[in-house]
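Trainee:
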Amino acid sequence: MARKKRKVDMPPADLPMTPMIDVVFQLLIYFLVTIHPVDVVTHLDVFRPSPEAKKDKPDTPPKMIRVTIFSDGFSINERPVDLAELDKLLVKLAGIDKTQTILIMATALSPHEKLVQVLDMCAKSGLVNLSVVSMN
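So for the sequence shown, this note's numbering puts the first residue at 694; every next one is plus one.
#1: Taking the continuous beta strand (DSSP E) assigned at methionine 828, which residues delimit it?
#2: At the level of alpha carbons, what is the spacing between glutamate 771 and methionine 798?
#3: Who does methionine 767 pair with in a DSSP beta bridge?
#4: Go ahead and pull the three-state DSSP assignment for leucine 796.
#5: Mind checking who methionine 757 pairs with in its DSSP beta bridge?
#6: Contact check, isoleucine 758 vs isoleucine 795 under 8 Å by CB: the rounded distance?
#7: So, under 8 Å CB-CB, isoleucine 762 and lysine 817 are touching, yes? Tell me the CB distance rounded to an integer number of Å.
#8: Drop a sphere of 10 angstroms on the beta-carbon of phenylalanine 767, count the other beta-carbons inside from all chains shown, and report buried for 16 or more, exposed for fewer.
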């Protein structure tokens, strides 16, 4: 005869959550107290200007030279010029300050060839801060 297995009704395992939450909070407090925060800025090789240097320099906006390209010619700061005169003026401006900003504004009708000519003249003059803007 076969024996029947008797099932023993055991209550389901119940995990008490309150002590676990207490342990987690204690670990959190332990790590917050023992951590040594690292100041990232002091470990980077960053050269920040001193506050005195900012006071010495007046807050003047940088000078911007506007070169506008039209379908029939050029203008520099709203003064009409031809290609040769524009080249002379850009060389003269580069002699004064090569870091000044040149804003090149082209209309939708201006040929790309003229834009490339102006960019080449700026590069030949040594002007490096160039911005190209499309006008409607």
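For each residue, glycine too, the CB sits at the ideal point set by N, CA and C.
Mentor: Result, derived from the coordinates:
#1: Along the sequence shown, one-based indexing puts residue 828 at 135. Per DSSP, methionine 828 belongs to the beta strand (DSSP E) from 823-828.
#2: As a first step, residue 771 is located in the sequence shown; it is residue number 78 there, counting from the start. As a first step, residue 798 is located in the sequence shown; it is residue number 105 there, counting from the start. Rounded to the nearest angstrom, the two C-alpha atoms are 11 Å apart.
#3: Position 74 of the sequence shown, counting from 1, holds the residue named residue 767. What sits at residue 767 in the sequence shown is phenylalanine, not methionine. DSSP, once it has assigned bridges, lists Ile762, Val774 as partnering phenylalanine 767.
#4: To locate residue 796, count along the sequence shown from 1; it is residue 103. DSSP places leucine 796 in strand when its eight states are reduced to three.
#5: Counted from its first residue, the sequence shown places residue 757 at position 64. In the DSSP output, where bridge partners are listed per residue, methionine 757 has Thr794.
#6: The count along the sequence shown starts at 1 and reaches residue 758 at position 65. The count along the sequence shown starts at 1 and reaches residue 795 at position 102. Going by Cβ atoms, the distance from isoleucine 758 to isoleucine 795 rounds to 5 Å, so yes, they are a contact pair.
#7: Numbered from 1 along the sequence shown, position 69 holds the residue referred to as residue 762. Numbered from 1 along the sequence shown, position 124 holds the residue referred to as residue 817. Going by Cβ atoms, the distance from isoleucine 762 to lysine 817 rounds to 17 Å, so no, they are not a contact pair.
#8: Indexing the sequence shown from 1 puts residue 767 at position 74. Buried, because 16 or more other Cβ atoms sit within 10 Å of the Cβ of phenylalanine 767.
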